[in-house]
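Remarks on the structure that follows.
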Amino acid sequence: MWADHRVGRFDLWFARILRLTGTAMLVGFVLALILTSTLSYDTNPSPEAARLFGINIIVGIGMLVLGIPLFLVGDKISPPDPWLDPWLNPFRGRKRVPTNPYREEAEETEP
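Its first residue numbered 0, the sequence shown is counted upward by one per residue in numbering that gives the first Met the number 0.
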């Protein structure tokens, strides 16, 4: 995908921002889930805690709904980045840097 045209500075930053924003929203969802589960242990919650519980559920669902598409789109359009890929996709590994097979064949045939 990236081998056929040069990546502009704006395209590169846009893809990275999408990827990092999606990751941050998914981390926010996990934190909201932890806070919600902590608040649910109270057997007799005050009205303020109940309101915070409800707001926390709404924010968590919103972060999940926005975070997944942002992460997936940002991951799809971002070029290979040896520094960012291991942090954002630790289970998948690094993206393969595409090579130009025509250029490699031309270099091999030259004396």
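Backbone N, C-alpha and C fix where the C-beta goes; we use that ideal spot for every residue, glycine too.
Of the candidates Ala-48, Pro-81, Leu-69, Ile-56, the residue whose Cα lies closest to the Cα of Phe-13 is Leu-69. For Leu-32, the closest C-alpha among the options Met-62, Thr-20, Leu-83 is that of Met-62.
Around the Cβ of Leu-17, a 10 Å sphere holds 16 or more other Cβ atoms; the residue is buried.
The DSSP-derived three-state label of Pro-44 is coil. Taking a C-beta distance under 8 Å as the contact criterion, Phe-52 and Pro-44 qualify as a contact pair. Inter-residue distance for Gly-59 and Asp-10 is about 29 Å (C-alpha atoms, whole angstroms). Counting other Cβ atoms within 10 Å of its Cβ, Ser-39 stays below 16 and is therefore classed as exposed.
Listed in chain order, the non-local C-beta contacts of Leu-87 below 7 Å within the same chain comprise Arg-18, Thr-22, local neighbours out to five positions each way being set aside.
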